[in-house]
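**Q** First the structure, which I've put down as structure tokens, then a few questions once you've had a look.
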Amino acid sequence: MLKAAVIGAGRMGRGHISVYQQLEREGYPVKLVALCDVDEEKFAGKNSYALNIGKAAGVTSATDYSGYHCYTSITEMLEKEELDVVDVVIPTYLHADAAMQCLRAGVNVLCEKPMSLTPEMCAEMIAVSRETGKRLMIGQCLHFWKEYVILADIMKSGRFGKCNDAYFYRGGAQNIHTNPSWQQWIIDRKLGGGGLFDQHIHDIDAIRWIFGTPKAVRTVGRTIHPKSAYDICTTQYFFDDEDLIVSAHDNTCYKGSYGFRYGYTVNFERGTMVYEGGQLTIMPEGEEPEIVERDDQSAYYREIVYFLDGVREGYPFDRCTPEDAMENVRIALAEMESADKKGEYITL
């Protein structure tokens, strides 16, 4: 039986907690024993705002914390609890220190994305994992998102031939005044990295995973929130295959009732795939479109099970590795540099 703790009981942390609760109900050999958050009011279900992707991803937001040991100090929690795994779901600028502290305490770590804000800090996290012999996995959830997994499989199989172009997008009305869960640290360039690091990095990850690491990027962006790092950005990715056109767009500043949205359109020689409004449609050339059945199982559920299975069984992770996550950070910084230089071509 694995003993687990979640560090961070905010918006995303609640979603992770709900997965552990579900796994316990299903009889999976894990027991969530402790929670940690600097804001103890969250243990009473306060100051924990709704997930913007909860319904679409099949994630609920747990608020019943009775029966857990609750801490406001990671150090105290590690001293008092005998833990096998810790799930780190706190602001980005705190990821590295919290993860390394847990690894050094002999605990395996699942850390939310983005891994950190610099490749150097990511490399330090990887080094500590290797030194301690404890597992480190980064929560890049699209590796477990059915519609992105299908795209990756079709791309790998060559079912529709060569890919001609691909467009990825995500965004929503992330207003820090009307939606308090979009907190100041998220939009701060030095703490959360703005929309480019918080949201757009998902599509960076998907593009690198599906098409390989680009040789260069060109990004244009606009900063809306003070001190932020591009609340709106569009990136072109360049590969050795010069005929391949790949781009991604992110906007955190839509107004009115525009909700959070994400998806892609990918065109192959013999077919097109469109993921829009939570529905994936596969359109082979000369055939009837295929409407892919939606998956009620959360990608976060599969992600956490994959991590726990890896810890229990000892197999090496081939998804969401820290090395891959570090590469995502490197690409994100190259995009930021390009945007800072008004769309300059930046070689990776």
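If you read the sequence shown in this note's numbering, its first letter stands for residue 87, the second for the next number, and so on. Just so it is clear, CB atoms sit at the ideal spot from N, CA and C, and this is done for glycine as well. This structure is a prediction, so every number in the text was calculated from the model and none was measured.
(1) Going by beta-carbon coordinates alone, are Val195 and Met223 separated by less than 9 Å?
(2) Just to confirm before moving on: does the CB-CB distance between Ala425 and Tyr316 stay below 9 Å?
(3) In whole angstroms, give me the CA-to-CA distance for Asp382 and Lys427.
(4) What does the alpha-carbon distance come out to for the pair Met201 and Tyr179?
(5) Taking just the CA atoms, how far does Phe246 sit from Ile240?
(6) Report the rounded CA-to-CA distance for Pro42 versus Glu112, giving the unit in angstroms.
(7) Using the C-alpha atoms, what's the distance from Ala292 back to Gly281?
(8) Look up Lys117 in the DSSP assignment and give the residues it is bridged to.
(9) How far does the beta strand (DSSP E) with Met359 in it reach, from first residue to last?
(10) For the stretch 406-424 against the stretch 297-312, are there 3 or more C-beta pairs whose distance is under 8 Å?
(11) Just to check my reading of the structure: Val92 and Val175 have Cβ atoms closer than 8 Å, yes? What is that Cβ distance to the nearest angstrom?
(12) Considering only their Cβ atoms, is the gap separating Tyr151 from Ile103 smaller than 9 Å?
(13) Could you tell me which of Val415, Gly357, Ser343 sits nearest to Leu237, measuring between CA atoms?
(14) Using the Cβ count rule (16 or more neighbours within 10 Å means buried), how would you classify Lys166?
(15) Would you mind stating whether Pro408 and Cys208 have Cβ atoms separated by less than 9 Å?
(16) Using 10 angstroms around the beta-carbon of Ile377, count the other beta-carbons present and answer buried if the total reaches 16, otherwise exposed.
(17) Given that a residue counts as buried once 16 or more other Cβ atoms are within 10 Å of its Cβ, and exposed if not, what is Tyr344?
(18) Which residues in the same chain have their Cβ closer than 6 Å to the Cβ of Ile273, if we skip the five residues on either side of it in sequence?
(19) Can you find the residues in the same chain that come closer than 8 Å, C-beta to C-beta, to Gly298, ignoring five residues on each side of it along the sequence?
(20) Taking all protein chains shown into account, decide if Asp123 is buried (16 or more other Cβ within 10 angstroms of its Cβ) or exposed.
(21) Pull up the DSSP beta-bridge partners for Val303, would you.
(22) Please report the distance separating the alpha-carbon of Gly349 from that of Ala385.
(23) Could you tell me whether any non-hydrogen atom of the ligand NAP is closer than 8 Å to the CB of Asp329?
(24) Does DSSP put Arg111 in a helix, in a strand, or in coil?
(25) Among residues of its own chain, excluding the 5 on either side of Arg221, which ones have a beta-carbon nearer than 6 Å to its beta-carbon?
(26) Ala184: buried (16+ other C-beta within 10 angstroms of its C-beta) or exposed?
(27) Take Leu434 and list the residues in its own chain whose beta-carbon comes closer than 8 Å to its own, dropping the five residues that flank it on each side.
(28) Just checking my contact of Tyr340 with Gly278 at CB under 8 Å: how many whole Å lie between their CB atoms?
(29) Would the beta-carbon of Leu169 fall within 9 Å of that of Lys89?
**A** Concretely, from the data shown:
(1) On the sequence shown, position 109 is the one that residue 195 refers to. On the sequence shown, position 137 is the one that residue 223 refers to. Cβ atoms of Val195 and Met223: closer than 9 Å.
(2) Against the sequence shown, residue 425 aligns to sequence position 339. Against the sequence shown, residue 316 aligns to sequence position 230. Result yes, Cβ atoms of Ala425 and Tyr316 sit closer than 9 Å.
(3) Reading the sequence shown from its first residue, position 296 is the one you call residue 382. Reading the sequence shown from its first residue, position 341 is the one you call residue 427. When rounded, the distance between both Cα atoms is 43 Å.
(4) Here residue 201 is taken as the residue at index 115 of the sequence shown, counted from 1. Here residue 179 is taken as the residue at index 93 of the sequence shown, counted from 1. Distance between the alpha carbons of Met201 and Tyr179 is about 9 Å.
(5) The sequence position of residue 240 within the sequence shown is 154, counting from 1. The sequence position of residue 246 within the sequence shown is 160, counting from 1. So the two alpha carbons sit approximately 7 Å from each other.
(6) The structure shown does not extend to residue 42, since the chain is modelled only from 87 through 434, so no value can be given for it.
(7) In the sequence shown, the residue the question calls residue 281 occupies position 195. In the sequence shown, the residue the question calls residue 292 occupies position 206. If you take the alpha carbons of Gly281 and Ala292, they lie about 16 Å apart.
(8) In the sequence shown, counting from the first residue as 1, residue 117 sits at position 31. The partner list for Lys117 (beta bridge, DSSP) reads Lys89.
(9) Residue mapping note: residue 359 aligns to position 273 of the sequence shown, counting from 1. 357-362 is the extent of the beta strand (DSSP E) around Met359.
(10) yes
(11) The residue you call residue 92 lines up with position 6 of the sequence shown. The residue you call residue 175 lines up with position 89 of the sequence shown. Yes, Val92 and Val175 are in contact; Cβ-Cβ is about 6 Å, under 8 Å.
(12) Along the sequence shown, read from residue 1 onward, the residue named residue 103 stands at position 17. Along the sequence shown, read from residue 1 onward, the residue named residue 151 stands at position 65. In contact: Ile103 and Tyr151 (Cβ atoms closer than 9 Å).
(13) Stepping through the sequence shown from its first residue, residue 237 is reached at position 151. When each option's Cα is compared against that of Leu237, the closest is Gly357.
(14) As a working mapping, residue 166 is identified with position 80 in the sequence shown. Flag for Lys166 reads exposed.
(15) Taking the first residue of the sequence shown as 1, we reach residue 408 at position 322. Taking the first residue of the sequence shown as 1, we reach residue 208 at position 122. The answer is yes: Cβ separation under 9 Å.
(16) Taking the sequence shown and counting its residues from 1, the one referred to as residue 377 is at position 291. Answer is exposed; the Cβ neighbour count stays below 16.
(17) Within the sequence shown, the letter at position 258 stands for residue 344. With fewer than 16 other Cβ atoms within 10 Å, it is exposed.
(18) Working through the sequence shown from its first residue, we reach residue 273 at position 187. Same-chain partners within the cutoff: Gly280, His311, Ser314.
(19) Against the sequence shown, residue 298 aligns to sequence position 212. Contacts found: Phe325.
(20) Indexing the sequence shown from 1 puts residue 123 at position 37. Label assigned to Asp123: buried.
(21) For this step, residue 303 is matched to residue 217 along the sequence shown. Answer is Tyr323, Ile432, bridged to Val303.
(22) Locating residue 349 in the sequence shown gives position 263, counting from the first residue. Locating residue 385 in the sequence shown gives position 299, counting from the first residue. So the two alpha carbons sit approximately 15 Å from each other.
(23) Because no ligand of any kind appears in the structure shown, any question about the ligand NAP cannot be addressed here.
(24) Residue numbering aside, residue 111 sits at position 25 when the sequence shown is read from its first letter. Correct three-state label for Arg111: helix.
(25) Along the sequence shown, one-based indexing puts residue 221 at 135. Cβ neighbours of Arg221 beyond the five flanking positions: Asn194, Val397.
(26) For the purposes of this step, residue 184 is taken as the residue at position 98 of the sequence shown. Flag for Ala184 reads buried.
(27) Position 348 of the sequence shown, counted from the first residue, corresponds to residue 434. Here the set comprises Thr299, Pro300, Lys301, Ala302, Val303, Arg416, Ile417, Ala420.
(28) Looking up residue 340 in the sequence shown gives position 254. Looking up residue 278 in the sequence shown gives position 192. About 19 Å separates the two Cβ atoms, so there is no contact after all.
(29) Your numbering for residue 169 matches position 83 in the sequence shown. Your numbering for residue 89 matches position 3 in the sequence shown. A contact, by the Cβ cut-off of 9 Å.
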